[in-house]
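Below is one structure; the comments refer to it alone.
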Amino acid sequence: MSDPQPAHHSIKVVDAFDLDDELRSLLKPGEMMRDAQGRRHRLPRYFYEIPDHEAAVSIRLSPHFGLNEFVLVDLKEAPRLQQFPRYVPCAVRVLAFYLEQFRRDIGASVHIAVNGAYRSPSHKLSQTATPHMWATAADVYRIGTTILRGKESIEKYNGIAEDLSDDIHVLPYGHVTGLNADDHVHIDLGYITVIPREISEDRMEVPQENRPRFAFEERRRRERRNGAANEEPEK
Ligand SMILES: [Zn+2]
Numbered sequence: 071m072s073d074p075q076p077a078h079h080s081i082k083v084v085d086a087f088d089l090d091d092e093l094r095s096l097l098k099p100g101e102m103m104r105d106a107q108g109r110r111h112r113l114p115r116y117f118y119e120i121p122d123h124e125a126a127v128s129i130r131l132s133p134h135f136g137l138n139e140f141v142l143v144d145l146k147e148a149p150r151l152q153q154f155p156r157y158v159p160c161a162v163r164v165l166a167f168y169l170e171q172f173r174r175d176i177g178a179s180v181h182i183a184v185n186g187a188y189r190s191p192s193h194k195l196s197q198t199a200t201p202h203m204w205a206t207a208a209d210v211y212r213i214g215t216t217i218l219r220g221k222e223s224i225e226k227y228n229g230i231a232e233d234l235s236d237d238i239h240v241l242p243y244g245h246v247t248g249l250n251a252d253d254h255v256h257i258d259l260g261y262i263t264v265i266p267r268e269i270s271e272d273r274m275e276v277p278q279e280n281r282p283r284f285a286f287e288e289r290r291r292r293e294r295r296n297g298a299a300n301e302e303p304e305k
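The sequence shown begins at 71 in our numbering and counts up by one.
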């Protein structure tokens, strides 16, 4: 049996403790951070490494969500984290799974905003811990062709999201915590960290050897093996 899977259909997983000093200082793997309520949460340590733009647009995390949709940021993100290779916590694929169910129940495309998914701890909007720093939250300003504005539409979509699973948390219309506004749907799964099965955890939190340690998470689903050739990505 030969392995027909091209290399770019595996996603490289890195332990952020093995990254260079600048990246470690920006991603802060394993550091504790307080949320707006003063509760402490440990920042993620294992990240997908996105080698280049081509990989960002070609790798799909679910049938309708590409990896690139979760790393859209502007100048509020640290400049080094806007350069390839880029890094996103492995829990992003759990978020993609739930957004896929959300999209199915709505029956329309779900558009994640710029700065609306993964934001590093060094992002200017990262004042206190939020699930965005775990890549387990998404801000949605547009569904299908509808720009979300007003209590009615936001509460409608919040309700659909909440009905999906008890894992899902939404921010109510009119919340004014921090920099959030009342013009979008915020969906989050809490502070989920994912340790890919290919990773061995028998390591101290400092590099112990000179060689880089990483793993490739195999993409298992048919549509991932075959790429998205049969299905146009949502715009
Ligand atoms: Zn949000």
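Built from N, CA and C at the ideal position, the CB exists for glycine as well.
All values derive from a computational prediction rather than experimental measurement.
Boundaries of the beta strand (DSSP E) harbouring Leu131: Arg130 to Ser132, taken from the DSSP string. Under the three-state reduction of DSSP, Lys82 is assigned to strand. Membership of Asp258 in any alpha helix (DSSP H) is not indicated; the residue belongs instead to the beta strand (DSSP E) covering Val255 to Asp258. In the three-state reduction of the DSSP assignment, Glu147 falls in the coil class. Under a 10 Å Cβ-count criterion, Lys98 is classified as buried, with 16 or more other Cβ atoms of the shown protein chains found around its own Cβ.
In this structure, the beta-carbon distance from Val143 to Gly136 does not fall below 8 Å. If you check the C-beta of His202 against ligand 1, you find a heavy atom less than 7 Å away.
For secondary structure counted as the beta strand (DSSP E) over 3 or more consecutive residues, the stretch 142 to 207 holds these complete runs in sequence order: 156 to 159 and 180 to 182. Between the alpha carbons of Leu169 and Asp91 lies a distance of about 34 Å.
Out of Phe167, Ile269, Trp204 and Tyr188, the CA that lies nearest to the CA of Ala231 is found in Phe167. Closest option to Ala199, judged by alpha-carbon separation, among Ile262, Ser235, Tyr227 and Ile224: Ile262. Contact between Ala208 and Ala187 holds, since their C-beta atoms are separated by about 5 Å, short of 8 Å. One Cα belongs to His111, the other to Leu259, and the distance between them is close to 14 Å.
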